[in-house]
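Be aware that the sequence shown starts at 1, since it is given in my numbering, and climbs by one per residue.
This report refers to the structure that appears directly beneath it.
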Amino acid sequence: MERDTLPRTESDAKAVPAAGSSRGRAAWRALSFTNISAIYLFVAIFIVFSLWIPDQFLDGDVWRTLLDANAVSALVAVAVVVPLAAGAFDLAIGAEVGLGAILVSWLLSKHGVPIVPAIALTVLAGCTIGLLNGLLIVRAKIDSFIATMAMTSILYALIAWVSNSQQILGLATSFQDIARTEIFGITLPVYIMLVVAIAVWYVLERTPVGRRVYATGGNVEAARLAGVRTSLVIVVSLVVCGALTGAAGVLTSARIGNGDPTIGPEFLLPAFAAAFLGSTQFRRGRFNVWGAVVAVYVLATGIKGLQLAGAPIWIPDLFNGVALLLAVGLANYESMGAQVRAIKRRLRLGRGERDDLAAEQPPSLTR
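What follows is the structure in structure tokens.
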């Protein structure tokens, strides 16, 4: 029995400590700056502003407001992760949020539609927009940049027509309570965002559907040859994105208490900045839900700190723009690093196989 527990060959002896060392390397990679840089950035931001403006920055109300104010932005970031994971860009997300906000307000205030059907119709409209985007990409063969950019212009025209370029007022208090209701001091949109994030994360990371989405985004031709219905994956990913952005529009109108035709554009840049920055977190170059959510709140914390310190009003735009540039650069760096690591791994495996083959040959053949 004791002999069975001992390594039988020299190669087996080398493999015994390798397991422990590989676990150590995995733990080191998991905690490395390149894997969770947003966490380290958050710690740095927190320390700086805690020392700079402690009275304002460490106030509990500020943090509750921060959670609430960015819940919709985090929901939009989760929405945009889905088509990005499938290799498609939805540049119409800002307009989709704006249309959702106007449409639900128009149904409630102008036509007296009850709250639940109004919300359902708004989410359904978002699904329809996502379907149109998907068909333009996979059927009309229009690049996702161009297709969704054109859809953005169409949606803004539709918003202006529905709202007559005016705010839609008179939303019922019961509708506004959706965004104002608090549970343990945290508003309901934060919980809604977390539930949606968990659901999307589970589908992308724990189901065959998610594997097909990532396969399509990684290499659409290879995925198609492997039997993945890539066109369907792209269309469904954009439909899901449209549904989530429609829901984000509903929460936005409930939060501000009216339908504002100008709110859409403010969600576009933060969502993409968070999605790309999030792709460098946790999953090493892969668009993922929790990376995007963490990135939203890290960026929001930095902006809030600067605002509390008296920074100019244009700081959020500058901060998000710089963050997007850095995030895309980091994402490209991670992608190139992953390719280099894969090549090195294949080379090491090739050398190992040759060494094993040589060791198995008779001495007369190895000389």
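C-beta: ideal position from N, C-alpha, C; glycine also.
Which residue comes first and which comes last in the alpha helix (DSSP H) that contains Q167?
Per DSSP, Q167 belongs to no alpha helix (DSSP H) and is neither H nor E.
Can you tell me whether T252 is helix, strand or coil according to DSSP?
DSSP places T252 in helix when its eight states are reduced to three.
Residues in its own chain within less than 8 Å of F89 by CB, not counting five upstream and five downstream?
So the qualifying residues of the chain are P83, S144, F145, T148.
Close Cβ partners of L131 (< 8 Å) along its chain, the five nearest in sequence each way excluded
Once the five neighbours on either side are set aside, the close Cβ partners of L131 are V235, L238, V239, G242.
Using the Cβ count rule (16 or more neighbours within 10 Å means buried), how would you classify L357?
At L357, the pLDDT of 48 sits below 50, so the modelled position is not reliable; the number obtained from the coordinates is stated separately. Within a 10 Å sphere around the beta-carbon of L357 sit fewer than 16 other beta-carbons, which makes this residue exposed.
Could you give the first and the last residue of the continuous alpha helix (DSSP H) run that contains A92?
Where A92 is concerned, there is no enclosing alpha helix (DSSP H), given that its DSSP letter is neither H nor E.
Quick check: the Cα distance between F276 and V233, rounded to an integer number of angstroms?
Whole-angstrom Cα-Cα distance: 21 Å.
Per-residue DSSP class, three states only, for G259
Note: G259 maps to strand in three-state DSSP.
Any idea which residues DSSP pairs I183 with across the strands?
Per the DSSP secondary-structure output, I183 pairs in a beta bridge with I186.
How about G246 and V48: are their beta carbons less than 8 Å apart?
Not in contact: G246 and V48 (Cβ atoms no closer than 8 Å).
Alpha helix (DSSP H) runs contained entirely in the region 51 to 127, provided each spans 4 or more residues
The qualifying runs are 54 to 57, 60 to 69, 71 to 85, 93 to 109.
Which of the three DSSP states, helix, strand or coil, is assigned to E2?
Bear in mind that the predicted position of E2 carries a pLDDT of just 46, short of 50, making it too unreliable to give a figure here.
Where A86 and S105 are concerned, what is the direct C-alpha to C-alpha distance, given to the nearest angstrom?
Between the alpha carbons of A86 and S105 lies a distance of about 32 Å.
Inter-stretch contact (C-beta, 8 Å, three-pair minimum) for the region 92 to 100 and the region 301 to 321
In this structure the region 92 to 100 does not lie against the region 301 to 321, because fewer than three pairs of beta carbons, one per stretch, are closer than 8 Å.
How big is the Cα-Cα spacing for E205 and F175?
Per the coordinates, the alpha-carbon of E205 lies some 34 Å from the alpha-carbon of F175.
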